[in-house]
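Here is the structure we will look at, set down as structure tokens.
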Amino acid sequence: MPEVKYAAIDVGTNSTKMTVAEKDSEGRLHVLRVESEITRLGKGVDRTGRLDAAAMDRTLAAISRFHNIVVGMGVEKLAAAGTSALRDADNGAEFCTRIQAETGIDVRVISGDQEAQYAYWAARSDTDLAIQQSADLLVFDIGGGSTELTFGDSHGIRRHSSLDIGAVRLTERCMHSDPPLQEEIEHAKEIASKALATFDLSAGIRPRIVGIGGTAVNIAGMSRPDATVHGAIITKDTVVGLLVRMASMTLGERRRLEGLEPERADVIVAGAIVLDRLLDSFHADEFVVSVRGLRFGLIAEMASDAA
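In structure tokens:
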């Protein structure tokens, strides 16, 4: 079987990302390239219900750059998916039509449940994470507009949900001071806890927890700036410590933190609040970080369909 190259683009609320992978002669997938840009497509969507013109321009520019990379690498198959911002915005379909017209890329707007399922299978199939087939597994992705949760066991996915508590959305709702006031922090925690309480696991279940997406990766990057992030185990104490530290800083101070993408500094406190409340809700002392997620799930699906 000849080697085949696949690419997947994730048009998210906070960032636009691309992964290119190659399937070898034995059917294994190897990541060749990863690209990511903070495009903030979802800026203001929670308040206005529409995509901002400048945000669309930023996102389209990133997609166009990714398309040039894909062509240059000789990728045979490409899939692109849009998530929370495109789901929620009244002009989301209109923007997808524009992307198609200007780049030739068809962005499929997927549901929160589909997003959660792609993330789950990306983590479950990642041999680097050493997840036993028999293990109970909870995968989370704290995005810009929503947080996806998927729980499964040896028999497959048992439950999945998309909660409206993304880092951008929660920041716009609660964080109005610099640094944030304690009452703003507590309000955000209350909103996050209430949303997470709707995803209830049976008593006694303590799944292995895997986190994907920008919040999880940046928390790991700040806690271990000189170490590999993929597969890292991050404790709840580490999350709490970083949250307290970041919440006491101004935006300018957070932008200078080692291991944090500067463009994510304005929403990382809200993201860390969701992560803290999530670990608390599921009585977890730690989680495992994966740099693979929706994009790897899309690629795995394409590779499977081609088998």
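Residue numbering for the sequence shown follows our numbering, starting at 644 and increasing by one per position.
A virtual CB, placed ideally from N, CA and C, is assigned to each residue, including glycine.
Item, Value
"Supposed close pair Val973, Val654 - CB separation, criterion 8 Å", "In the structure as shown, the chain begins at 644 and stops at 950. Residue 973 is therefore absent and cannot be evaluated."
"Reference Arg816, options Asp909, Ala846, Ser845, closest by Cα", "Asp909"
"Terminal residues of the alpha helix (DSSP H) in which Ala887 lies", "One detail in the question is off: residue 887 reads as Val in this sequence, not Ala. Run containing Val887: 879-890, per the alpha helix (DSSP H) assignment."
"Three-state secondary structure assigned by DSSP to Phe783", "strand"
"Member of Ile652, Asp843, Ala835 whose CA lies at the smallest distance from the CA of Val917", "Ala835"
"Val752, DSSP secondary structure in three states", "strand"
"Euclidean distance between Cα positions of Ala736 and Val663", "25 Å"
"Helix, strand or coil at Arg935 [DSSP, three-state]", "coil"
"Residues of its chain near Pro868, where Cβ-Cβ distance is below 8 Å and the 5 sequence neighbours each way are ignored", "Glu901, Gly902"
"Given Gly864 as reference, the closest of Leu675, Arg849, Val882, Thr893 once Cα atoms are compared", "Val882"
"Cβ neighbours of Ser891 in the same chain (closer than 7 Å, five flanking residues each side left out)", "Pro822"
"Top-ranked residue by Cα proximity to Met945, from Thr659, Leu703, Glu678, Val718", "Val718"
"Local Cβ density within 10 Å of Ser727, reported as buried at 16 or more and exposed below that", "buried"
"C-alpha gap between Ile742 and Val932, whole angstroms", "31 Å"
"Option in Phe842, Ile774, Leu684, Thr871 with minimal Cα separation from Ala705", "Leu684"
"Helix, strand or coil at Gly902 [DSSP, three-state]", "coil"
"Supposed contact pair Gly847 and Leu772 - C-beta distance, whole angstroms, cut 8 Å", "The Cβ separation is near 24 Å, so there is no contact."
"Residues near Gln776 by beta carbon distance below 8 Å, same chain, minus five either side", "Ser797"
"With 16 other Cβ atoms within 10 Å as the buried cut-off, status of His803", "buried"
"Nearest-angstrom Cα separation, counted from Leu806 out to Ile852", "17 Å"
"Inter-residue spacing [alpha-carbon to alpha-carbon] between Arg671 and Gln825", "49 Å"
"Nearest neighbour of Glu904, chosen from Ile681, Arg849, Ala759 [CA to CA]", "Ile681"
"Check whether Met818 and Glu827 have beta carbons under 7 Å apart", "yes"
"Test: Phe709 CB closer than 7 Å to a CB of chain C", "This model lacks chain C altogether; it includes just one protein chain."
"Rounded separation between Arg849 and Gln760 - CA only", "20 Å"
"Buried or exposed by the 16-neighbour rule on C-beta atoms within 10 Å, applied to Asn711", "exposed"
"Separation of His926 from Arg708, as counted between CA atoms", "42 Å"
"CA-to-CA distance, Cys739 to Asp733, given in whole angstroms", "12 Å"
"For Leu918, three-class secondary structure by DSSP", "helix"
"Alpha-carbon to alpha-carbon, Val860 and Ala870", "12 Å"
"Phe709 - containing alpha helix (DSSP H), residue span", "696-716"
"The beta strand (DSSP E) enclosing Arg802, as first and last residue numbers", "799-806"
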